[in-house]
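S.K.: What follows is a single structure, and I will ask about it in a moment.
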Amino acid sequence: MNDEYNLQRFLTAQAETYDDALDILRRGVMCTPYMDFIFPRFSSEADGETQYSISSLDEATAYLDFPILGNRYRESVETLFRLVDSSAREVFGEADARKLHASLTLFSEATNEVLLRSVLAIWFDNMVDEETMIRIGQYN
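Note that my numbering numbers the sequence shown so that position 37 is 62, with each residue one more than the last.
As structure tokens, this is what we get:
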């Protein structure tokens with residue numbers, strides 16, 4: 026399989042931690058160390074670039090199309106859908122809620138999947154992350 030974007034880096038990071046991260050998320054909390062590779066996003070001015078930053082909308086699409094990664098992302102987002110009585114700030118804290126918002130915005134733009142758009146609507150009042158949208162505009 027061609028791995029133009031080195032998506033293997035996400036598989037490696039998730040190999041020993043994904044199940045734990047998902048269990049924690051199901052309990053309505055999330056650990057900061059897992060955010061970058063469970064809910065990846067563009068690098069930001071505030072956070073800088075990380076090993077798990079997504080570089081383009083095409084890479085986000087490739088991530089969703091990668092069977093294991095796409096399925097895990099959807100599973101994680103589906104878990105959020107079940108936590109509708111909570112807020113992003115309650116589950117993730119202020120800084121990680123911003124990261125989640127950026128991730129959901131990016132991946133919602135990479136696909137027309139109802140699940141991603143629904144969680145963005147529920148958790149962020151259908152508001153997109155402005156910085157992410159600006160970056161998408163730069164890459165299109």
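A virtual CB, placed ideally from N, CA and C, is assigned to each residue, including glycine.
Looking at C-alpha atoms only, which residue of Arg-114, Pro-58, Leu-32 is the closest neighbour of Asp-83?
M.R.: Comparing alpha-carbon positions, the option among Arg-114, Pro-58, Leu-32 lying closest to Asp-83 turns out to be Leu-32.
S.K.: How big is the Cα-Cα spacing for Ile-49 and Thr-42?
M.R.: 11 Å
S.K.: Is it buried or exposed, Ala-122, if we count other Cβ atoms within 10 angstroms and call 16 or more buried?
M.R.: buried
S.K.: Distance, Cα to Cα, Ser-112 vs Tyr-30?
M.R.: 32 Å
S.K.: Given Phe-35, which residues of its chain have a CB within under 6 Å of its CB, disregarding the five upstream and five downstream residues?
M.R.: Phe-62, Leu-94
S.K.: Out of Ser-68, Glu-103, Asn-151, Phe-91, which one is the CA nearest neighbour of Thr-157?
M.R.: Closest by alpha carbon: Ser-68.
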